[in-house]
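Q: Chains as they are written, first to last, in the numbering used here: chain V, 232 to 505; chain E, 232 to 505. Using N, Cα and C, we set each Cβ at its ideal position, and we do this for glycine too.
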């Protein structure tokens, strides 16, 4: 079976560390990368600090993922430090990228027309077009700061802005096709709802069934709701063919069902897309 | 001013990496730690893998935070591997902890009574009482798996279960008082809503005001809503006295207001607790 592409996601911003913002960006990216057949191996959140960013990017590179995706810190303010951190990690100079500058200029020209006032290219605006040497800017269809793509030590580094709409738009426009082109795998999952069985009695069942078919990952999630507790059992696998995926999930589902029912538990399938 | 206590948060679970679960645990903990005067410097998410857990805990220890808080992987199933990973990182043996075993026993005895059936202490259940040597179990008022507290190399390591209700309950019962006792600082914040000014025009204003009073951290968040875009400006600081906090935030607010209004922008204060 093909090798699964490995991703590290680096979300940057003090607002995440003080708990002001829930990290929905990391969640969205992980789900999207998984659905494209990739595997996120690590998500890291750090603050707006050049030393932290550069040392963390170096640590990510040392683990040799296929992709590093950074989110946040591309804007015009003094604490948007991602590109400076990435450049330092890779020993690259930062300089104004003419393609990126054209993108930023176009945005402000269009805004100038709409507003009927000339918007100047201030240093804060030019900062958004100042990229590590050799980087390629990625069009931002929603906001101003372009995304950034870089190749270094065999790793593709992608920097996306932190505003969720901008991050998603650049990902869908410029990144998803790159991943789809390089990934040979598809991802399948299924959820089962189990009642009338303790997680600690389910544990040896999962263990047995997982050993029979280790390609299907099985994870139990104890849940509480009004009226009592239940267990959500989540099965997932990746394969080159959808047919193989579904077959593997089907076999595992049957084996789990048989054993859970034997122990007096009840099991129902949960519609996907919850 | 007193040193701010530093925290690293390590959330463990494949369900986070595939984007099945939004990491609300990290968000809740960050907010709570910040409100207790602590500073979260890094949040890391990794999968259910002993090597990953042990190497990541070692990396965390090397950065010498005051606390490492792990979340997830304390349950009875084969992929609950946190304590094995932590033990390996610290070169400690795992063994059944008698205090933890009593906690687990009590839970199942109480459950046995409620259900009118004897629940045996299976290996999967004893696993939840198997802790790194020298660890102290923390009562879980909601679920079964105890939390774990360990001291190593001057760092306090706390392991909490991943079920949000259990994590929160153990944190409030056993951890918040420890942090409050060691932290001398309180945290204050304020949000301002800015309209009629570009973030790129705000950038030099933030820069100026921040240099006047670097203890108040200022961060701009561009937001979109129906009817247009605005900027949320978030001010935050930590100090030993509430009075000093409020004074510092007040001064910074006035300086920002003056400059934003000069540039034709509008500014309103956002009630806290959004």
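Assuming the contact rule is C-beta atoms closer than 8 Å, residue 371 (chain E) and residue 401 (chain E) should be a hit. Round their C-beta distance to whole Å, please.
A: About 6 Å separates the two Cβ atoms, so the contact holds.
Q: Could you compute how far the alpha carbon of residue 300 (chain V) sits from the alpha carbon of residue 388 (chain V)?
A: About 6 Å.
Q: Since residue 441 (chain V) meets chain E, which of its residues come closer than 8 Å, beta carbon to beta carbon?
A: The contacting residues are 309.
Q: Would you kindly check if the distance between the Cβ of residue 334 (chain E) and the Cβ of residue 368 (chain E) is under 8 Å?
A: Yes, these two residues count as a Cβ contact at 8 Å.
Q: Starting from residue 257 (chain V), follow the alpha helix (DSSP H) in both directions and report where the run begins and ends.
A: Run containing residue 257 (chain V): 255-266, per the alpha helix (DSSP H) assignment.
Q: So that I know if they touch, is there some Cβ in chain E lying closer than 8 Å to that of residue 278 (chain V)?
A: With 8 Å as the cut-off, residue 278 (chain V) counts as an interface residue toward chain E.
Q: Given that residue 450 (chain E) touches chain V, what residues does it touch there, using C-beta distances under 9 Å?
A: Correct list: 244, 245, 246, 251, 279, 308, 310.
Q: Could you tell me whether any Cβ in chain E is nearer than 8 Å to the Cβ of residue 370 (chain V)?
A: Not closer than 8 Å to any Cβ of chain E, the Cβ of residue 370 (chain V) fails to qualify, so no.
Q: Hey, residue 376 (chain V) and residue 398 (chain V): beta-carbon distance below 8 Å or not?
A: Cβ distance not < 8 Å, so residue 376 (chain V) and residue 398 (chain V) don't count as in contact.
Q: Please list the terminal residues of the continuous beta strand (DSSP E) segment that includes residue 450 (chain E).
A: Residues 448-456.
Q: Whole angstroms is fine: what's the gap from residue 452 (chain V)'s alpha carbon to residue 463 (chain V)'s?
A: Their backbone Cα atoms lie some 5 Å apart in a straight line.
Q: Threshold first: 3 residues or longer. Then list the beta strand (DSSP E) segments lying entirely within the region 288-313 of chain V, N to C.
A: Listed in chain order, they are 298-302.
Q: When the Cα atoms are used, what is the spatial distance from residue 332 (chain E) to residue 352 (chain E)?
A: Approximately 10 Å between the Cα atoms of the pair.
Q: Under 8 Å, do residue 284 (chain V) and residue 312 (chain V) count as touching if we go by C-beta distance?
A: Cβ atoms of residue 284 (chain V) and residue 312 (chain V): closer than 8 Å.
Q: What residues of chain E sit near residue 343 (chain V), judged by a beta carbon separation below 7 Å?
A: Within chain E, no residue comes near residue 343 (chain V); the closest Cβ sits about 11 Å away, beyond 7 Å.
Q: From the DSSP output, in three-state form, read off residue 272 (chain E) for me.
A: Residue 272 (chain E): strand per DSSP, three-state reduction.
Q: So residue 319 (chain E) contacts chain V; which residues on that side make the cut at Cβ distance below 8 Å?
A: In chain order: nothing, as chain V lies at least about 18 Å away.
Q: Give me whichever residues DSSP pairs with residue 420 (chain V) in a beta bridge.
A: Paired residue(s): V:467.
Q: Residue 494 (chain E) by DSSP, collapsed to three states: which one?
A: Correct three-state label for residue 494 (chain E): coil.
Q: Quick check on residue 486 (chain V): does DSSP put it in helix, strand or coil?
A: Residue state, collapsed to three classes: helix.
Q: Does the beta carbon of residue 394 (chain V) come closer than 8 Å to any beta carbon on chain E?
A: Chain E, which has a Cβ nearer than 8 Å to the Cβ of residue 394 (chain V), makes this yes.
Q: Within the 8 Å Cβ cut-off, does residue 265 (chain V) reach chain E?
A: For residue 265 (chain V), the answer is yes, since a Cβ of chain E falls inside 8 Å of its Cβ.
Q: Give the DSSP-derived three-state secondary structure of residue 473 (chain E) in the structure shown.
A: Of the three classes helix, strand and coil, the one that applies to residue 473 (chain E) here is helix, per DSSP.
Q: In the region 421-446 of chain V, which residues sit with their C-beta less than 8 Å from some C-beta in chain E, listed in chain order?
A: The residues in question are 429, 430, 431, 432, 433, 434, 435, 437, 438, 441.
Q: Out of V:436, V:434, V:469, V:432, point me to the one whose CA is closest to residue 447 (chain V)'s CA.
A: Looking at the Cα atoms, V:469 is the closest of the given residues.
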